[in-house]
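Using my numbering, the first residue of the sequence shown is number 212, and each one after it goes up by one.
Notes follow once the structure below has been shown.
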Amino acid sequence: MIKNIKKIFYSAITSLGTLGAGEVLAADQQVNVAGRLNNFARNMGFIIVDNGQTPQQRIASLVGVIINIILGFLGIIFMLLMIYAGMLWMTARGDETQITKAKNIFKSSVTGLIIVLLAYAAVFALGSMIKGAGVFAQ
212 MIKNIKKIFY
222 SAITSLGTLG
232 AGEVLAADQQ
242 VNVAGRLNNF
252 ARNMGFIIVD
262 NGQTPQQRIA
272 SLVGVIINII
282 LGFLGIIFML
292 LMIYAGMLWM
302 TARGDETQIT
312 KAKNIFKSSV
322 TGLIIVLLAY
332 AAVFALGSMI
342 KGAGVFAQ
């Protein structure tokens, strides 16, 4: 169970890193990337609404939505881990190894949640500082 969770966690971190690297590498071709994303969304059946945003703003919105979805999934994983650890502890019947295992799952899941929240807060603060400095100003 823990190995699977570690794999999911590492793949989520790798995916987030890949998204960031893709945006940095495509900085010169943002309009082209935005067009490709719009075409992909149309092909998938989504309705594209152009509300006057620049391509950079649409990409930023899309990245924000993706991050929120990933955070939602991480929240679900956290709750499932907490429920699993609680069930493990309740059914331990005094078995110290099972109680220790449940406590370790509790500690690991809370630590993971704290790390995710701190990372989100850091990215949010950095984004606010960059916006405030006028880096994204048109």
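Heads up, the beta-carbon is just placed ideally off N, CA and C, and yes, glycines get one too.
Residue nearest to residue 297 in terms of C-alpha spacing, selected from 288, 270, 317: What you label residue 297 is simply residue 86 of the sequence shown in a count that begins at 1. Nearest of 288, 270, 317 to residue 297, Cα basis: 317.
If you pair each beta-carbon of the region 270-288 with each one of the region 302-314, do three or more pairs fall below 8 angstroms? no
Return yes when the C-beta of residue 287 is under 7 angstroms from any heavy atom of the ligand MN, and no when it is not. As far as ligands go, the structure on display features none, and thus does not contain the ligand MN.
So residue 281 and residue 244 are supposed to be a Cβ contact under 8 angstroms. How far apart are they, rounded? Here residue 281 is taken as the residue at index 70 of the sequence shown, counted from 1. Here residue 244 is taken as the residue at index 33 of the sequence shown, counted from 1. Residue 281 to residue 244, Cβ: 20 angstroms. No contact.
Outcome for residue 320 when other beta-carbon atoms lying within 10 angstroms are tallied against a minimum of 16: On the sequence shown, residue 320 is found 109 positions in, with the first residue counted as 1. The residue in question, residue 320, is buried, as its Cβ has 16 or more Cβ neighbours within 10 Å.
Please classify residue 313 as buried or exposed, where buried requires at least 16 other C-beta atoms within 10 Å of its C-beta. As a position in the sequence shown, residue 313 is number 102, starting the count at 1. Residue 313 comes out buried.
Can the beta-carbon of residue 285 be found less than 8 angstroms from the beta-carbon of residue 327? Taking the sequence shown and counting its residues from 1, one reaches residue 285 at position 74. Taking the sequence shown and counting its residues from 1, one reaches residue 327 at position 116. Cβ atoms of residue 285 and residue 327: closer than 8 angstroms.
Beta-carbon within less than 6 angstroms of residue 324's beta-carbon, same chain only, minus the 5 sequence neighbours each way: which residues are those? Here residue 324 refers to the residue found at position 113 when the sequence shown is read from its first residue. Answer for residue 324: 289, listed in chain order.
Grab me the residues of residue 311's own chain with a C-beta within less than 8 angstroms of its C-beta, minus the 5 sequence neighbours each way, in chain order. Position 100 of the sequence shown, counted from the first residue, corresponds to residue 311. Taken in chain order, the list of residues that qualify is empty.
Look up residue 305 in the DSSP assignment and say whether it is helix, strand or coil. The sequence position of residue 305 within the sequence shown is 94, counting from 1. Coil at residue 305, not helix or strand.
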